[in-house]
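There are 2 protein chains.
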Amino acid sequence: MARWQGDARGRLAKAALAPYSERGFDNATVADIAQRAGLTERTFFRHYADKREVLFAGSHELEALMAGAVASAPASATPIDAATAGLNVAAELLQQRREFARQRQAIVALNPDLRERELIKLASLSNTLADTLRRRGVDEPAASRTSEMAIGVFKVAFERWIHDANERPFVELIRESLEQLPILAGTK
Amino acid sequence: MARWQGDARGRLAKAALAPYSERGFDNATVADIAQRAGLTERTFFRHYADKREVLFAGSHELEALMAGAVASAPASATPIDAATAGLNVAAELLQQRREFARQRQAIVALNPDLRERELIKLASLSNTLADTLRRRGVDEPAASRTSEMAIGVFKVAFERWIHDANERPFVELIRESLEQLPILAGTK
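Taken in sequence, the protein lines are chains C and Z.
Position 163 of the first sequence, counted from 1, bears residue number 163 in our numbering, the numbering being contiguous throughout.
When you read off a place in the second sequence, starting at 1, and then add 1000, the result is the number in our numbering.
This is the structure in structure tokens:
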């Protein structure tokens, strides 16, 4: 969080949440956001193409971070262990921005266009994860199966983390979901 | 397939594939489609709101069919077994329309808007599946976890089915993925 104080990009992202929450995403203006950040509209457009990008710019960072962790997992790691390494670094990044993530999610949940964009980002995350597993030598369809499973774990753990009254750490919820997988996947 | 011959709705859906494939989804017109089906544009709009709906109208049927099978699985079925019953009826429906599904998928794959729509439909399928499991008494987060896992299986099996040179049945590919799940999910 600390490094966000200094840079205009981070300040704008944080400043956008209040107008999006208070006035709704569609009604909030770039002028509102810039004013709250103590910056100009021109500066806003130097960092973001539009209002929506403010909420999704972080997903590139998340995707790159996840792919990096999967790629650099030990060669001996199983596909699901390598994928888990990716989920964990993503979870740790979001954990550092918990309040931002929570407010952002409430905004996204209220707007169908933003929900669609979120689905697209998640599909992209899943594709990147499968690609990275393949580059580790995991064959198809195991790479796609593992990636779908891992992203499913991530989605459910994310929903729980965002709404958890006890504020349990995201990585803990991921671990819990992963432990349940073989049990839930086993047919009678 | 047989019952499609008689009804205008089915004839229009099948007739749409050629212009979408040949001219691209964006360039094809409702006039093209109606002409190929031997019907009027007016009839088209009595059945479909727009060009896109022709490709997605079947997803309601698929979702209802899947939910019905999950709901009516034996009370003793585990969550994944109940979900599998849903996947199987969906797979059987698509199997009967294999050529349509294959051509449709090639059209969807080429168009970003259609791909987005497909993601939304899949997310809706996952939500419906989780809802239906909860109505069977499956608690959270097990219902969401099982649903995400099942939809992941469905996605990967669908991709394989659509592109499989050996034309293996969809249900067989689903079974194969389900059998692999506990293995892939087990960490070392």
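Beta carbons: idealized from backbone N, C-alpha and C, even for Gly.
- Look at VAL1138 (chain Z) here: in three-state DSSP terms it is coil, with no helix or strand label.
- Taking a beta-carbon distance threshold of 9 Å, THR128 (chain C) does not count as an interface residue toward chain Z.
- Under the DSSP assignment, ASN1027 (chain Z) falls outside any alpha helix (DSSP H); it carries neither an H nor an E label.
- Within the same chain, and ignoring the five residues on either side of ARG134 (chain C) in sequence, the residues whose Cβ sits closer than 6 Å to its Cβ are ALA143.
- Proximity of chain Z to SER144 (chain C) at the Cβ level (cut-off 9 Å) is accounted for by GLY1152, LYS1155, VAL1156, GLU1159, ARG1160, in chain order.
- Separation of ALA69 (chain C) and ALA185 (chain C) (C-alpha to C-alpha, rounded to the nearest whole angstrom) is 26 Å.
- Close partners of GLU116 (chain C) in chain Z (Cβ separation under 8 Å): GLU1116, LEU1119, ILE1120.
- ALA1091 (chain Z) places its beta carbon less than 9 Å from that of PRO1169 (chain Z).
- The three-state reading of DSSP puts SER72 (chain C) in coil, since its state is none of H, G, I, E or B.
- Using a Cβ-Cβ cut-off of 9 Å, MET149 (chain C) counts as an interface residue toward chain Z, since at least one Cβ of chain Z sits closer than that to its own.
- Short of 7 Å from the beta carbon of PHE1044 (chain Z), and not among the five residues preceding or following it, lie these beta carbons of its own chain, in chain order: LEU1012, VAL1030, ILE1033, ALA1034.
- Relative to the Cα of SER72 (chain C), the nearest Cα in the group C:VAL89, C:PHE100, C:ALA28 belongs to C:VAL89.
- In this structure, DSSP gives GLU63 (chain C) a helical state, which the three-state scheme calls helix.
- Secondary structure of ASP131 (chain C) (DSSP, three-state): helix.
- Chain-ordered, the chain Z residues with CB closer than 8 Å to the CB of SER177 (chain C) read PRO1141, ARG1145.
- Comparing alpha-carbon positions, the option among C:GLU53, C:SER59, C:LYS14 lying closest to LEU39 (chain C) turns out to be C:LYS14.
- Contacts with chain C (Cβ-Cβ distance below 7 Å) from the region 1070-1095 of chain Z involve THR1078, PRO1079, ILE1080, ASP1081, listed in chain order.
- Between the alpha carbons of ASP164 (chain C) and LEU1178 (chain Z) lies a distance of about 30 Å.
- Of the residues C:ALA123, C:ILE151, C:ASP26, the one whose Cα lies closest to the Cα of VAL108 (chain C) is C:ASP26.
- Judged by pairs of C-beta atoms under 8 Å, the region 110-128 of chain C touches the region 1116-1134 of chain Z, as three or more such pairs exist.
- LEU184 (chain C) has a beta carbon lying within less than 9 Å of a beta carbon in chain Z.
- Shown here, ARG23 (chain C) sits in a helix according to DSSP, grouped into three states.
- GLU167 (chain C) sits in coil when the DSSP states are folded into three classes, being neither helix nor strand.
- In terms of Cα proximity to ALA1077 (chain Z), the closest of Z:GLY1137, Z:ASN1111, Z:ASP1131 is Z:GLY1137.
- Contact annotation for ALA1123 (chain Z) against chain C: LEU119 [CB-CB distance below 7 Å, chain order].
- Taking the Cα positions, LEU87 (chain C) is about 50 Å away from GLU1041 (chain Z).
- Rounded to whole angstroms, the Cβ separation of THR1146 (chain Z) and PRO1079 (chain Z) is 4 Å, and the two are in contact under 8 Å.
- Listed along chain Z, the residues sitting closer than 9 Å to LEU181 (chain C) by beta-carbon distance are ARG1145, MET1149, LEU1181, PRO1182, LEU1184, ALA1185, GLY1186.
- Residue state for THR1040 (chain Z) is assigned as coil, using DSSP reduced to three classes.
- Membership of LYS1051 (chain Z) in the alpha helix (DSSP H) is indicated by the continuous run 1051-1056.
- In the DSSP assignment, ASN1088 (chain Z) falls within the alpha helix (DSSP H) that extends over 1079-1096.
- DSSP places GLY186 (chain C) in the coil class of the three-state scheme, outside both helix and strand.
- Take the alpha-carbon of ALA1083 (chain Z) and the one of ALA1123 (chain Z): they are about 15 Å apart.
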